[in-house]
Amino acid sequence: MPDIYLDNNATTKVDSAVVDAMIPFFTEQFGNPSSIHRFADGVARAIKKARGQVQELIGAEHDSEIIFTSCGTESDSTAILSAIKAQPNRKEIITTAVEHPAILNLCENLEKEGYTIHRLPVDKCGRLNLESYKNMLSDQVAIVSVMWANNETGTIFPVIEMADMASNAGVMFHTDAVQAVGKIPMMLQDTKIDMLSISGHKLHAPKGIGVLYLRRGTRYRPLLRGGHQERGRRAGTENSASIVGLGKACEMAMEHMEYENIQVKAMRDRLEQGIIEQIPHCFITGDLNNRLPNTTDIAFEYIEGEAILMLLNKAGIAASSGSACTSGSLEPSHVMRAMQIPYTAAHGTIRFSFSRYNTMSEVDEVLKVMPGIVANLRKLSPYWEGDGPVANPEQAFQPTYA
Amino acid sequence: MWDYSDKVKEHFFNPKNAGAVAGANAIGEVGSISCGDALRLTLKVNDKTEVIEEAGFQTFGCGSAIASSSVLTEIIKGLTLDEALQVTNQDIAKELDGLPPEKMHCSVMGREALQAAVANYRGEEWKDDHEEGALICKCFAIDAVMIEEMVWANKLRTVEDVTNYTKAGGGCAACHEDIEAILERVLKERGESFDPLAAPVEKPVVAEKKPLTNLQRIKKIEEVLNALRPQLMADGGDVELVEVVDNIAYVNMTGACNGCQMASMTISGIQQRLLEVLGEFIRVVPASQMPKLVSIMEAGHA
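Line by line, the protein sequences give chains A and B. With the working numbering as the guide, the letters of the first sequence map in order to residues 1 to 402. With the working numbering as the guide, the letters of the second sequence map in order to residues 1001 to 1302.
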């Protein structure tokens, strides 16, 4: 049975070169980088090197702008909570309706504490309306937080332009760039982005390591206070092995970025084209002209995502779904709802996310099994008859009760 | 991914009785495409014997929804309609060697489709007895609508109250924050504010002053149990009054309530409600603890 991993937006395989780089920091170089004895020898220097590697990948002006955290969620929380603590008179936050739960749930919580949250809606292709964004900006806004690329559809937001607009209005700008870093080139020093979140495990580094980029001069309040690590901006003994691993992963991402934008994109496009050609009643969600090269999110109408995933899994293929049934909630993904994807399709979305470890033959394997999986599930569906959907499915199925 | 039993996987990967039964004379449709779960159950019922001769399903939904539908058709084939109506969602889950708590609604959908199909055959109107809201308590599958109704109806104030009345929050406690949010909202609408340290609900003023006769007492207890029954049945359980001796009500907890780790909490909830309605303290005790429990058969021989 093939073993095909197409869920790289959930997490990635740790690159073996990353593992090799990390191992000495569990064994010989296990010292606390804050100590002065020989066991700490080299650990502090290795962390400095990693800081430089991250700096280079995102084009930060200074390596001191890199703060190591434990994950993307911690970076997101630190950014937003810092902004509101540093500007206690500002009680509004601008974000989007399609952010990762790390931002959405934090904002929902802050709403209960009295903050006003502006959630920018998206159109059916997942695009933001910059005109309404501009109108929301004011001196009441503590921070704008907009993801660089959406984790479900891969849709890229114009964060550089939005950061300019925020800066002109005197508002701090944060971007959750967890899905974008390492996949698209960035040069933060040429932007007005004040803060940016990175998660190690999305770019072939281990889980449990993240970064908050903090532009020099940005007002800041630490989330974790304690020791003086990270210049007092994030207390806690450094996760040195993972930091080293992340540094190595950033270096490798630089090397592979061009490949990912050409080869990985070619695999993704072949998969999309093959599916659309062979399977009726399915479509790609998101902004097709402005997407991450590795991501596709396809809605298969009249069937449900988890059932598709189970059959894919049986065929040795790992993907993911925005369907409610994979999460235990009763609603399909908030991203699909925000794009107003009809219910006939929203429950049946499947995300395939690639990495440089995938191959064209894997794509062909998926294309071999996918039409059969969809056809079999449609055979079971009350919304499908013969070769097509029942007429007007929303109305056709009449439950006995009102 | 969910930890599905081998039985669930077997029924999902090789569903039995998929598709509509030709010439069906009973059809039950529940769910909708917007909910993400829909089931059309078609039955061929022998008009003379009322035996279900054929059963077929068409399901839009996840793996466990398809497996629940498949196993349901297997369970009911060969049963009379009356026998089939005894099938609970717990029976469906049990036949699948269990379902994850978050997926119990799939078995409920199966039971409802069956009830709808039987009603359809008999020319009756079938109404579901629950409204689907956001699932708050995943351990006991309690949704927001039910919690809100209970908070309104019983003037609940604290998470503990909610747990006592609905079981929600009585398991892993992960939903306490969500329950607090509901309490906050409802209390605000009531013009009160939520205080997590508030005392539990006050006992209402006792309406009846005169002591009850035992017959009156039994009738009242039956009324209270009947009112509570839909809640228990929604969880796949039930309660049956066996005997009342002085101020002790002996009950049988059946279905999912039988042997449930929360049974004692359910019993104390019933006790609390009896106190409120009857105005006297009634101890609720499992019938197994009744002195000299005589079965009907033994009684017949006596």
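Quick reminder that beta carbons are idealized off the backbone N, C-alpha and C, glycines included.
| Query | Result |
| --- | --- |
| Below 6 Å CB to CB, which residues in the same chain sit around residue 92(A) once its five sequence neighbours on both sides are set aside? | 116, 140 and 141 |
| Shorter than 7 Å from the beta carbon of residue 381(A) to some beta carbon of chain B? | yes |
| Which residue wins for smallest C-alpha separation from residue 366(A), given the options 273(A), 186(A), 45(A) and 83(A)? | 273(A) |
| List, in order along the chain, the chain B residues whose C-beta lies closer than 8 Å to that of residue 323(A)? | 1036 and 1062 |
| Using the Cα positions of residue 1219(B) and residue 1149(B), report the straight-line distance between them to the nearest angstrom. | 25 Å |
| Helix or strand or just coil, what does DSSP make of residue 1152(B)? | helix |
| Could you compute how far the alpha carbon of residue 318(A) sits from the alpha carbon of residue 221(A)? | 40 Å |
| So who's on the other strand from residue 1059(B), going by DSSP bridges? | 1039(B) |
| Taking DSSP's pairing of strands, which residues face residue 1193(B) in a bridge? | Paired residue(s): none; residue 1193(B) is not in a bridge. |
| For residue 207(A), tell me which candidate among 71(A), 41(A) and 42(A) has the shortest Cα-Cα distance. | 71(A) |
| Quick one: is residue 1213(B) buried, meaning 16 or more other Cβ sit within 10 Å of its Cβ, or exposed? | exposed |
| Which residues of chain B have a Cβ atom closer than 7 Å to the Cβ of residue 310(A), listed in chain order? | 1012 and 1063 |
| Strictly under 7 Å for the Cβ-Cβ distance: is residue 281(A) near chain B by that measure? | no |
| Could you list the residues in the region 347 to 367 of chain A with a C-beta less than 7 Å from some C-beta on chain B, going in chain order? | 347 |
| Does residue 1206(B) have its Cβ less than 7 Å from a Cβ in chain A? | Any reading at residue 1206(B) must be qualified, since the residue scores a pLDDT of 37, below 50, and its modelled position is unreliable; no value is offered. |
| What do you get for residue 1058(B), buried or exposed, if any count of 16 or more other CB atoms within 10 angstroms of its CB means buried? | buried |
| Kindly identify the DSSP beta-bridge partner or partners of residue 96(A). | 120(A) |
| What first and last residue would you give for the alpha helix (DSSP H) that runs through residue 1122(B)? | 1104 to 1122 |
| Assuming residue 174(A) is part of the alpha helix (DSSP H), what are its boundary residues? | Unbroken run through residue 174(A) is the beta strand (DSSP E), 172 to 176; no alpha helix (DSSP H). |
| Under a Cβ-count criterion, where at least 16 other Cβ atoms within 10 Å of its own Cβ denotes burial, should residue 262(A) be classed as buried or exposed? | exposed |
| Could you spell out the range, first to last residue, of the alpha helix (DSSP H) harbouring residue 108(A)? | 101 to 112 |
| Between the region 15 to 22 of chain A and the region 230 to 246 of chain A, do at least 3 Cβ pairs fall closer than 8 Å? | yes |
| Considering only the alpha carbon of each residue, which of 1037(B), 1230(B) and 1222(B) lies closest to residue 1113(B)? | 1037(B) |
| Considering only the beta carbon of each residue, do residue 320(A) and residue 7(A) sit closer than 7 Å? | yes |
| Along the chain, where does the alpha helix (DSSP H) containing residue 18(A) start, and where does it finish? | 16 to 22 |
| With burial defined as no fewer than 16 other Cβ atoms inside 10 Å of the residue's Cβ, what is the status of residue 350(A): buried or exposed? | buried |
| Could you name each continuous beta strand (DSSP E) segment of 3 residues or more that falls completely within the region 145 to 190 of chain A, going from the start of the chain to the end? | 172 to 176 |
| Suppose the cutoff is 8 Å on Cβ atoms and the five residues either side in sequence are ignored; what does the same chain contact list for residue 1254(B) look like? | 1237, 1238, 1239 and 1240 |
| DSSP three-state label for residue 1252(B), please. | strand |
| Under the rule that 16 or more other beta-carbon atoms within 10 Å means buried, what is residue 1126(B), buried or exposed? | buried |
| Give me whichever residues DSSP pairs with residue 212(A) in a beta bridge. | 67(A) and 197(A) |
| Going along the chain, which residues of its own chain have a beta-carbon closer than 6 Å to the beta-carbon of residue 1018(B), five neighbours each way excluded? | none |
| Whose Cβ in chain B lies nearer than 7 Å to the Cβ of residue 343(A)? | 1033 and 1034 |
| Is the region 333 to 348 of chain A touching the region 273 to 290 of chain A in the sense that three or more CB pairs, one from each, lie closer than 8 Å? | yes |
| Is DSSP giving residue 1006(B) helix, strand or coil here? | helix |
| What number of angstroms, rounded off, separates the C-alpha of residue 372(A) from the C-alpha of residue 1063(B)? | 16 Å |
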